[in-house]
């Protein structure tokens, strides 16, 4: 089984971190292929960058030359999953939805701890669109930019854990979801600080994608995710 794990930003170090986390969760016989988009922002922290990333991720997947069995979109609260599902027959798993759906198996309510406050509405909208907001106690911002997670991991753990503790104590969350692909690998340390289950969206997405492939399930092509209709595309893809 081969699973493409596509970073939504162009920072290779984050792609490498996401790839390692995904590979660590994969079952024997599953090949994880991390991909970095060829264009876009170094970090995705707003609507403009998110819509740009959606196109970049779709193009990265379209350009991949070998067969694959599933795709993971490794961006929290980002646009584009629906477009990938139109393009592909294989399962497409978004880490936002993977984390939230997994959290609901191990607790009554969950909270998401993310990076900057400006990303909170994007995550809330994605959870609502996916029908996963009903048991979301809160979405909290750590105040860290995405690139800060790699620059100072110790400070990142402190900031994320502080908000996770507040989510448990003040918002009555029973499970914490790490709300950024760049937070991969921090779950164990946040568990130590909170005493509740902590879900990493990347590892959850790998497990879900593997299960869908093993079940022989593919993306439905009736109505919503039917393939794009053939038509003339003006100046697309753009010429360099």
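In our numbering, the protein residues as written are 5 to 244.
Glycine included, every Cβ here is placed at the ideal spot set by N, Cα and C.
Only a predicted model underlies this, so the values are computations on that prediction, with no experimental measurement involved.
Could you tell me the boundaries of the beta strand (DSSP E) in which residue i lies?
{"i": "residue 11", "result": "6-11"}
{"i": "residue 74", "result": "74-78"}
{"i": "residue 204", "result": "202-204"}
{"i": "residue 38", "result": "35-39"}
Might you give, ordered along the chain, the residues of its own chain that have their beta carbon closer than 7 Å to the beta carbon of residue i, omitting 5 neighbours on each side?
{"i": "residue 171", "result": "115, 117, 141, 142, 144, 177, 180"}
{"i": "residue 221", "result": "95"}
{"i": "residue 22", "result": "9, 11, 38, 78, 185, 188, 206"}
{"i": "residue 59", "result": "none"}
{"i": "residue 50", "result": "122"}
{"i": "residue 40", "result": "11, 14, 16, 19"}
{"i": "residue 127", "result": "80, 81, 100, 116, 118, 143, 183"}
Based on the DSSP output, what are the partners of residue i in its beta bridges?
{"i": "residue 140", "result": "114"}
{"i": "residue 145", "result": "118"}
{"i": "residue 96", "result": "75"}
{"i": "residue 184", "result": "The partner list for residue 184 (beta bridge, DSSP) is empty, contrary to what the question assumes."}
Which residues in the same chain as residue i place their Cβ atom closer than 8 Å to its Cβ, once the five residues preceding and following it in sequence are excluded?
{"i": "residue 236", "result": "none"}
{"i": "residue 33", "result": "5"}
{"i": "residue 160", "result": "146, 148, 152, 153, 187, 190"}
{"i": "residue 4", "result": "What the structure shows of the chain is the stretch from 5 to 244, and residue 4 is not part of that stretch, so it cannot be assessed."}
If the criterion is Cβ atoms closer than 8 Å, does the pair residue i and residue j meet it?
{"i": "residue 25", "j": "residue 211", "result": "no"}
{"i": "residue 47", "j": "residue 82", "result": "no"}
{"i": "residue 100", "j": "residue 203", "result": "no"}
{"i": "residue 168", "j": "residue 197", "result": "yes"}
{"i": "residue 273", "j": "residue 194", "result": "Only positions 5 to 244 of the chain appear in this structure, which leaves residue 273 out of reach."}
{"i": "residue 80", "j": "residue 183", "result": "yes"}
{"i": "residue 139", "j": "residue 119", "result": "no"}
{"i": "residue 104", "j": "residue 136", "result": "yes"}
In the DSSP assignment, the alpha helix (DSSP H) including residue i goes from what residue to what residue?
{"i": "residue 175", "result": "Counting along the chain, residue 175 falls outside any alpha helix (DSSP H), and DSSP gives it neither H nor E."}
{"i": "residue 24", "result": "16-29"}
{"i": "residue 190", "result": "First-last for residue 190: undefined, no H or E at that position."}
{"i": "residue 60", "result": "51-67"}
{"i": "residue 125", "result": "124-133"}
{"i": "residue 85", "result": "85-91"}
{"i": "residue 152", "result": "152-155"}
Can you tell me which of the options puts its alpha carbon nearest to the alpha carbon of residue i?
{"i": "residue 5", "options": "216, 14, 169", "result": "216"}
{"i": "residue 7", "options": "16, 30, 224, 13", "result": "30"}
{"i": "residue 97", "options": "85, 52, 106", "result": "85"}
{"i": "residue 65", "options": "80, 229, 164, 92", "result": "92"}
{"i": "residue 76", "options": "150, 243, 27, 192", "result": "27"}
{"i": "residue 209", "options": "102, 67, 80, 74", "result": "102"}
{"i": "residue 35", "options": "69, 158, 73", "result": "73"}
{"i": "residue 192", "options": "214, 156, 162", "result": "162"}
{"i": "residue 228", "options": "87, 243, 124", "result": "87"}
Just to confirm my understanding: we take residue i, look at its own chain, exclude 5 residues before and 5 after, and list those with CB closer than 6 Å. What are they?
{"i": "residue 43", "result": "60"}
{"i": "residue 111", "result": "178, 179"}
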